[in-house]
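S.K.: Please see the structure below; I have some questions.
Residue numbers (our numbering): 135 to 669.
Okay, structure coming up:
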């Protein structure tokens, strides 16, 4: 269903909002906390791990391959019992304290250190550590117990330094990066086996598209009262799609979404690669996480435009009008019925200035193109009809022999164009654009009508002038030159003629009566010379 601002029956879509917000949240969390980091590790850790001992790593570094197997090492448990650190009196005093008696029995002394096999931890400089996290520590203990080595990805970029660099970036200060002097420390993320690059890439893309499509789905829904009450955050998030919801939004709005989406995608790549060093050994997972989120939020803004256009066209093509139950009538009722199709008199719709509202969009572009081709400047006008208001523009050009009639069709979102000339016999020559909805259902000797192969008024001029000149020569008559004050009369004359050749309007037969517009007549009559009324 297309959006109608005057139709209060357009239903809300709370399920779209809730489901879209859940999908976007799942993609965001999965991508920022797992998928982007797994993709980074898989991109870096390709090939077999390099095998070296503790002393070689500390003195020479790990080279170009961060996929490392550190042999002949042991891992020191960073968790110790409290009673190993406290004397007996302090331990008894702590147990008697009701606020401390229920505390944990162990203390965390920091990241687990990796030392050479057979060495004592107090005799070895703390230079190699296991990444913080119980699952990393359990994996390291398992590997040491089974193989006497630790296998995984090694980095000189500590967690504290990563956080400090991200804070520095947000505050506009200089980023330090990994330590490169002699006091460098190494952090190992234990991984059993080489990560699958294809699987990691698919998880990255799946999480990203879930985020992008979830935002689009959430933005396409309209929250009702209960949705705003029970799901305020998804309802608030859905406002990002408000300008294009229910089929609303012009091409300016769509281009704005595309521009903002492209900017966010570019900034996301900037956070991932130049700042986060994605795919390099000194990658910063914090930049990776925010780069992932920014990249796919921008992608959602771009994808929203073609999806809106496609779904709007699909909805219009499959929309089914409700079937009415047939009504049985008696013979007397059927005989006394009035004709289904009634005749109506054609009445000229009012044409008024738009006031302070300027021309915009495609209507403005075509009016400016005609002005560049020698036509006068178009003033913004409006046709006022019962079904609504339509923006319009009227211009005079081609040595004052052609009047252009531009109108914005609100339903089809197009600009229809008509070119009008009048021969000396009073016969109008009318050329309509290829996208015009005018159809000649009746033959008529009261005008010359043709449909152009183009919808560009500057291209239509060639076809129009060929017919005008040819008809004037064949009928041995002149082409009327218009005064600028007559343009509205010429357009009204042409529209009365078009109503005659179409025959019907809104399913009703149109009866087009005679009418005079200044020195022009319908039906056609010879056109007298123009006489100015201004002194």
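Just so it is clear, CB atoms sit at the ideal spot from N, CA and C, and this is done for glycine as well.
#1: In the DSSP assignment, find the alpha helix (DSSP H) that holds residue 148 and state where it starts and stops.
#2: Opposite residue 205 in the DSSP bridges: which residues?
#3: For residue 254, which three-state DSSP category applies?
#4: Which same chain residues end up closer than 7 Å to residue 661 when comparing Cβ atoms and leaving out the 5 residues on each side of it in sequence?
#5: Would you mind stating whether residue 362 and residue 369 have Cβ atoms separated by less than 7 Å?
#6: What span of residues does the alpha helix (DSSP H) with residue 482 cover, start to end?
#7: If you measure from the beta carbon of residue 205 to each beta carbon in chain C, is any gap under 7 Å?
#8: Using the rule of at least 16 other Cβ atoms within 10 Å of the residue's Cβ for burial, across every protein chain shown, is residue 529 buried or exposed?
#9: Using CA coordinates, which residue listed in 635, 183, 194 is at the minimum distance from residue 261?
#10: Short of 6 Å in beta carbon distance, which residues of its chain neighbour residue 401, apart from the five on each side in sequence? Order them along the chain.
#11: So within the segment 406-456, which uninterrupted beta strand (DSSP E) runs reach at least 3 residues, ignoring any that extend past its ends?
#12: Report the three-state DSSP secondary structure of residue 605 (helix, strand or coil).
#13: Between which residues of its own chain and residue 188 is the CB-CB distance below 6 Å, once the five residues before and five after are set aside?
#14: Enumerate, from N- to C-terminal direction, the unbroken beta strand (DSSP E) stretches of 3 or more residues contained entirely within the segment 504-547.
#15: Buried or exposed: which applies to residue 527, given that a residue is buried once 16 or more other Cβ atoms fall within 10 Å of its Cβ?
#16: Would you grab the beta carbon distance between residue 391 and residue 439 for me? Rounded to a whole angstrom, and I think it's under 8 Å.
#17: So what does residue 642 bridge to, in DSSP terms?
#18: In chain order, what residues of the same chain have a beta carbon less than 6 Å from the beta carbon of residue 628, not counting five sequence neighbours either side?
#19: Measure the CB-CB distance between residue 255 and residue 210 and report whether it falls below 7 Å.
#20: Who pairs with residue 552 in a beta bridge, going by DSSP?
#21: Is it right to say residue 307 is buried, meaning 16 or more other beta carbons lie within 10 angstroms of its own, or is it exposed?
#22: On a Cα-Cα basis, can you pick out the residue from 607, 432, 309, 412 that is closest to residue 423?
#23: Taking the straight line between their C-alpha atoms, what separation do you get for residue 636 and residue 510?
#24: From the DSSP output, read off the bridge partner residues of residue 320.
#25: If contacts are defined as beta-carbon pairs under 8 Å, then residue 287 and residue 200 qualify, I think. What distance do you get, rounded to the angstrom?
#26: Based on the DSSP output, what are the partners of residue 655 in its beta bridges?
#27: Please classify residue 167 as buried or exposed, where buried requires at least 16 neighbouring CB atoms within 10 angstroms.
#28: Is it true that the CB of residue 161 sits closer than 7 Å to the CB of residue 348?
#29: Is DSSP giving residue 182 helix, strand or coil here?
#30: What does the Cβ neighbour count give for residue 264, buried or exposed, with the cut at 16 atoms within 10 Å?
#31: Can you tell me the Cα-Cα spacing of residue 488 and residue 406, whole angstroms?
#32: Just how far apart, CA to CA, sit residue 389 and residue 351?
#33: Does residue 574 come out as helix, strand or coil in the three-state DSSP assignment?
#34: Just checking my contact of residue 324 with residue 176 at CB under 8 Å: how many whole Å lie between their CB atoms?
#35: Work out the CA separation of residue 394 and residue 136 for me, nearest whole Å.
#36: What whole-angstrom Cβ distance do residue 425 and residue 410 have, given they're in contact under 8 Å?
M.R.: Here's the rundown:
#1: Following the DSSP letters along the chain, one finds residue 148 inside the alpha helix (DSSP H) bounded by residues 148-164.
#2: In the DSSP output, where bridge partners are listed per residue, residue 205 has 187, 283.
#3: Residue 254 falls in the coil class under three-state DSSP.
#4: If we look at residue 661 and ignore the five residues flanking it on each side, its Cβ neighbours are 556, 558, 560, 614, 653, 654.
#5: Taking 7 Å as the Cβ cut-off, residue 362 and residue 369 qualify as a contacting pair.
#6: Careful: residue 482 lies outside any alpha helix (DSSP H) and carries neither H nor E.
#7: Chain labels in this structure do not include chain C; a single protein chain is all it has.
#8: Residue 529 comes out buried.
#9: It is 194 whose Cα lies nearest to the Cα of residue 261.
#10: By the criterion of a C-beta distance shorter than 6 Å, residue 401 is surrounded in its chain by 428, once the five residues flanking it on both sides are discounted.
#11: Entirely contained in the segment 406-456, not one beta strand (DSSP E) run reaches 3 residues.
#12: DSSP places residue 605 in helix when its eight states are reduced to three.
#13: Taken in chain order, the residues that qualify are 207, 250.
#14: Correct list: 515-519, 522-531, 536-543.
#15: The residue in question, residue 527, is buried, as its Cβ has 16 or more Cβ neighbours within 10 Å.
#16: Residue 391 to residue 439, Cβ: 6 Å. Contact.
#17: Answer is 639.
#18: For residue 628, same chain residues with a beta-carbon under 6 Å away, outside a window of 5 residues either side, are 554, 562, 564 in chain order.
#19: Against a cut-off of 7 Å, the Cβ pair of residue 210 and residue 255 comes out as a contact.
#20: Looking at the DSSP output, residue 552 sits in a beta bridge with 539, 566.
#21: Its Cβ having fewer than 16 others within 10 Å, residue 307 is exposed.
#22: If you compare the alpha carbons of 607, 432, 309, 412 with that of residue 423, the shortest gap goes to 412.
#23: In a straight line, the C-alpha of residue 636 is about 30 Å away from that of residue 510.
#24: Secondary-structure assignment with DSSP links residue 320 through a beta bridge to 262.
#25: About 5 Å separates the two Cβ atoms, so the contact holds.
#26: The partner list for residue 655 (beta bridge, DSSP) reads 650.
#27: Its Cβ having fewer than 16 others within 10 Å, residue 167 is exposed.
#28: Cβ distance < 7 Å, so residue 348 and residue 161 count as in contact.
#29: In the structure shown, residue 182 sits in coil (DSSP, three-state: anything other than H, G, I, E or B).
#30: By the 10 Å Cβ count, residue 264 comes out buried.
#31: For residue 488 and residue 406, the distance between alpha carbons rounds to 50 Å.
#32: Computed Cα separation, rounded: 19 Å.
#33: Correct three-state label for residue 574: coil.
#34: So it is not a contact: roughly 15 Å between Cβ atoms.
#35: With a pLDDT of only 37 at residue 136, under 50, the local geometry of the prediction cannot be trusted, and no value is derived from it.
#36: About 6 Å; that satisfies the 8 Å criterion.
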